[in-house]
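What follows is a single structure, written as structure tokens, with notes after it.
Chains as they are written, first to last, in our numbering: chain A, 1 to 470; chain B, 1001 to 1106.
Listed below in structure tokens is the structure:
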């Protein structure tokens, strides 16, 4: 099956080489329009099929994955000459990379399909979508809509394909296929590791564990409102969503009062244990898949606890960080860990511990109006995105609260075993060729190279001679 | 859209195509080319029938036309089909599609 699908993709990719920037941009525009037109239908399908999240929020995700992604890539040069530096004699030429294998997460199925299709087409690459088993139909419909629009706009046959079934063996067969150009993997640690171990180039994105530091200089009501807006979005399914709140004890009561005022519920100690038991699968060492993207009422019911009506987020006081403390780890649901510390340094050290507990390189967040502290926090945390006074779910994907490239694939750098810390977008899917015209290095040609062979001359003397300004 | 020529002495059919071989053009061309090739396959000759597509004036191909090439190549035999005078972009297209050897693209 992999051979047949890849044969078609390779032919589509070959035909795509003939397209210029104008033709490519026309196809991308038509596919964006089709995806955007169907944002509600696809959101409802995804929510119904997966049982995760909130369909209205999935509409927003689909709008972000089409409208904002299109806005961020529409003027980008991805065909032919993309830059020209006459002084340095360097011209850059973009070439497509070939068939892309797009692995889709169950938490954001249709939006990730739309996003990966748009950035692949913008870079003139065919894409093969690998949907999760529990979002097969919604992904299939998203692909059908995009493919039809692409064909009508003149795109090559088979430029977008979807696997007819979803299983590990088939995914593996594609990932190791010698004719595949790149794996665009969004998912859990195991999947991303498999992609990087496949022998094919991969852009993978692993899990997050986002610490949020609220500094005493922060506007606390604003910070809490922002955190709630982010953490409740699609019931917390975005991997950049807040996982733990950290603040100094001097402001802890203000922070807690504000959370309570805005309909969040601090769990009593016994209930924390009950929530831990259903939120985390200790045998797998992972969050329990059954609570991912579920509303507070359902989580409370699963845990057998009573919570006030209209509770938006469950908050659990925590003292320690580590694998033996389940709520200090990533939970993609409206549950937050809450830490207070004696002083600023202790707070930052807690943030580091949380950051390194499964979320290295992903995202960190700070609420502060003290520039020194913002920069200290940013330099010490290991995160591809450090968001300042920003809801992290929406901030990390870019295009809403900042001008990061809009993306549903967030690079985590070497910490997350990724090749980039950037928000992955169309320019990551092109090979850039550099035409280098001769520009002689005068220092090199004016220097007597025999001196390199002379053992009596020190390195410092050679450097000094090389740097000599005649 | 296309012109073709038959050379009895070498038992070869050659076509010259123009401009963009898009899906609509290809769908119209296929039955025409197919019928001509089939009618020449039965001719008695010392040489096997050869089919040559001249791409000197072709600027763009689609998968529909490539399917025609593959189909005709199968009919006359791989060694008896060739595509000649391609421009570099078309040559690269067949190269990336891993069809340049199979279709004898020059």
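By construction, the Cβ of each residue, glycine as well, lies at the ideal position given by its N, Cα and C atoms.
field: Opening and closing residue of the beta strand (DSSP E) in which residue 339 of chain A lies
entry: 335-341
task: Pull up the distance between the alpha-carbon of residue 457 of chain A and that of residue 468 of chain A, whole angstroms please.
output: 16 Å
message: Against chain A, with Cβ distances strictly below 8 Å, would residue 1063 of chain B count as a contact?
response: yes
- prompt: So is residue 222 of chain A buried or exposed if we call it buried at 16+ other beta carbons inside 10 Å?
  reply: exposed
query: If you drop the 5 nearest sequence neighbours on each side, which residues of the same chain put their C-beta closer than 7 Å to that of residue 55 of chain A?
result: 43, 44, 47
- prompt: Based on the DSSP output, what are the partners of residue 211 of chain A in its beta bridges?
  reply: A/244
field: Candidates B/1053, B/1031, B/1039, of which the one nearest residue 1017 of chain B by Cα
entry: B/1053
- request: Kindly indicate if chain B contains any beta-carbon less than 8 Å away from that of residue 17 of chain A.
  value: yes
- prompt: Exposed or buried, what is residue 31 of chain A when buried is set at 16 or more other beta-carbons lying within 10 Å of its beta-carbon?
  reply: Residue 31 of chain A should be labelled buried.
query: Quick one: complete alpha helix (DSSP H) runs, 4+ long, within the region 229-276 of chain A?
result: 249-261
query: Is any beta-carbon of chain A found at less than 8 Å from that of residue 1092 of chain B?
result: yes
query: Which residues share a DSSP beta bridge with residue 186 of chain A?
result: A/205
- prompt: Would residue 1009 of chain B be called buried (16 or more neighbouring beta carbons within 10 Å of its own) or exposed?
  reply: That one is exposed.
query: Going along the chain, which residues of its own chain have a beta-carbon closer than 7 Å to the beta-carbon of residue 177 of chain A, five neighbours each way excluded?
result: Excluding five sequence positions before and after residue 177 of chain A, the CB atoms of its chain that fall closer than 7 Å to its own CB belong to 2, 6, given in chain order.
- request: Examine chain B for any beta-carbon lying closer than 8 Å to the beta-carbon of residue 6 of chain A, and answer yes or no.
  value: no
- prompt: So, residue 421 of chain A versus residue 361 of chain A, is the Cβ gap smaller than 8 Å?
  reply: yes
message: I need the straight-line Cα distance from residue 448 of chain A to residue 438 of chain A, nearest angstrom please.
response: 21 Å
- request: Could you work out which residues of chain A lie near residue 1066 of chain B, taking near to mean beta carbons separated by less than 7 Å?
  value: Simply 11.
task: Could you name the residues of the same chain whose beta carbon sits closer than 7 Å to that of residue 258 of chain A, not counting the 5 residues immediately before and after it, in chain order?
output: 220, 221, 224
query: Can you tell me whether residue 185 of chain A is buried or exposed, with buried defined as 16 or more other CB within 10 angstroms of its CB?
result: In summary, residue 185 of chain A is buried, with 16 or more beta-carbon neighbours lying within 10 Å of its beta-carbon over all protein chains present.
field: Stretch-stretch touch, CB-based, cutoff 8 Å, three pairs: the region 367-385 of chain A with the region 162-174 of chain A
entry: no
- prompt: So, helix, strand or coil for residue 428 of chain A, using DSSP?
  reply: Three-state result, residue 428 of chain A: helix.
query: Name the chain B residues that come within less than 8 Å of residue 131 of chain A, Cβ to Cβ?
result: Neighbours of residue 131 of chain A on chain B: none; closest Cβ ~24 Å, over 8 Å.
Any C-beta of chain B under 8 Å from that of residue 185 of chain A: no
query: Residues in the region 155-172 of chain A with C-beta within 8 Å of chain B's C-beta atoms, listed in sequence order?
result: Going along the region 155-172 of chain A in chain order, one finds 156, 157, 158 with a Cβ nearer than 8 Å to chain B.
message: Does residue 72 of chain A come out as helix, strand or coil in the three-state DSSP assignment?
response: helix
message: Let me make sure I understand the geometry here. Which of A/115, A/229, A/26, A/94 has the alpha-carbon closest to that of residue 104 of chain A?
response: A/115
- prompt: Going along chain B, which residues have a C-beta under 7 Å from residue 300 of chain A?
  reply: Near residue 300 of chain A there are no residues of chain B at all, since even the closest Cβ is about 55 Å away, more than 7 Å.
task: In the DSSP assignment, find the beta strand (DSSP E) that holds residue 95 of chain A and state where it starts and stops.
output: 90-96
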